[in-house]
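Participant:
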Amino acid sequence: MAQERPACALEPEQIQRLLRCCQEAKKSAYCPYSHFPVGAALLTRDGRIFSGCNVENACYALGNCAERTAIQKAISEGYKDFQAIAIASDLKDDFISPCGACRQVMREFGTNWAVFMTKPDGTYITKTVQELLPASFGPQDLHNI
Ligand code: THU
């Protein structure tokens, strides 16, 4: 049986491209309430990158995270097979970690893909969606009734 392709089998150049792209996306963040800019860069299986930033709202609850902005852009352009997403913030001492809502939205499109959580200096840690959201609820579960 063919082995499942590991989620993190990305070329170093591709990782660097993704990291640059999420830092660039952070510059567009609209975050007048939190003053916490976040950028994301989502890599499709065929090598395209969709970027996103957080977009806040005066009605606070309507704000959207950078990760979901990027995913919504990709889906709305017809792409739903993802290899990786990279996330950037201004946090100096911590790798930015996606919120629970974003983890669930990532999981909708598979569990075996990579999340690169970065610091502004370009260092990162990576985990799969499965690792970030174990024992998750997903599309298949709706068919098991
Ligand atoms: N935020 C993101 O965009 N992504 C994350 O991974 C964490 C939090 C945004 C939401 C809000 O606009 C601001 O950061 C503060 O929570």
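Residue numbers (this note's numbering): 2 to 146.
Glycine included, every Cβ here is placed at the ideal spot set by N, Cα and C.
Find the nearest neighbour of valine 106 within the set Cys60, Asn145 and Cys66, judged by alpha-carbon distance.
Facilitator: Numbered from its first residue, the sequence shown carries residue 106 at position 105. The option with the nearest alpha carbon to valine 106 is Cys66.
Participant: Output the boundary residues of the alpha helix (DSSP H) element that contains glycine 53.
Facilitator: Position 52 of the sequence shown, counted from the start, is the residue given in the question as residue 53. Counting along the chain, glycine 53 falls outside any alpha helix (DSSP H), though it belongs to the beta strand (DSSP E) covering 50 to 54.
Participant: CA-CA distance, leucine 134 and arginine 104?
Facilitator: In the sequence shown, the residue the question calls residue 134 occupies position 133. In the sequence shown, the residue the question calls residue 104 occupies position 103. In a straight line, the C-alpha of leucine 134 is about 6 Å away from that of arginine 104.
Participant: Mind checking which residues open and close the alpha helix (DSSP H) that includes tyrosine 89?
Facilitator: By 1-based counting over the sequence shown, the position of residue 89 is 88. The sequence as given places alanine at residue 89; tyrosine does not occur at that position. Premise fails: alanine 89 lies in the beta strand (DSSP E), 83 to 90, not in any alpha helix (DSSP H).
Participant: Please report the residue range of the alpha helix (DSSP H) in which lysine 27 lies.
Facilitator: Your numbering for residue 27 matches position 26 in the sequence shown. Run containing lysine 27: 13 to 27, per the alpha helix (DSSP H) assignment.
Participant: Exposed or buried, what is alanine 59 when buried is set at 16 or more other beta-carbons lying within 10 Å of its beta-carbon?
Facilitator: To locate residue 59, count along the sequence shown from 1; it is residue 58. Label assigned to alanine 59: exposed.
Participant: Which same chain residues end up closer than 7 Å to alanine 3 when comparing Cβ atoms and leaving out the 5 residues on each side of it in sequence?
Facilitator: In the sequence shown, residue 3 corresponds to position 2, counting from 1. Note on alanine 3: pLDDT 45, under 50, position unreliable in the model; the coordinate value appears next. The answer is none, since no qualifying residue turns up.
Participant: Starting from alanine 42, trace the beta strand (DSSP E) in both directions and tell me its first and last residue.
Facilitator: On the sequence shown, residue 42 is found 41 positions in, with the first residue counted as 1. Looking at the DSSP string, the run of the beta strand (DSSP E) that includes alanine 42 is 39 to 45.
Participant: Nearest to proline 33 by alpha carbon, out of Val130, Ala75 and Val56?
Facilitator: Numbered from 1 along the sequence shown, position 32 holds the residue referred to as residue 33. Of the listed residues, the one whose Cα sits closest to proline 33 is Val56.
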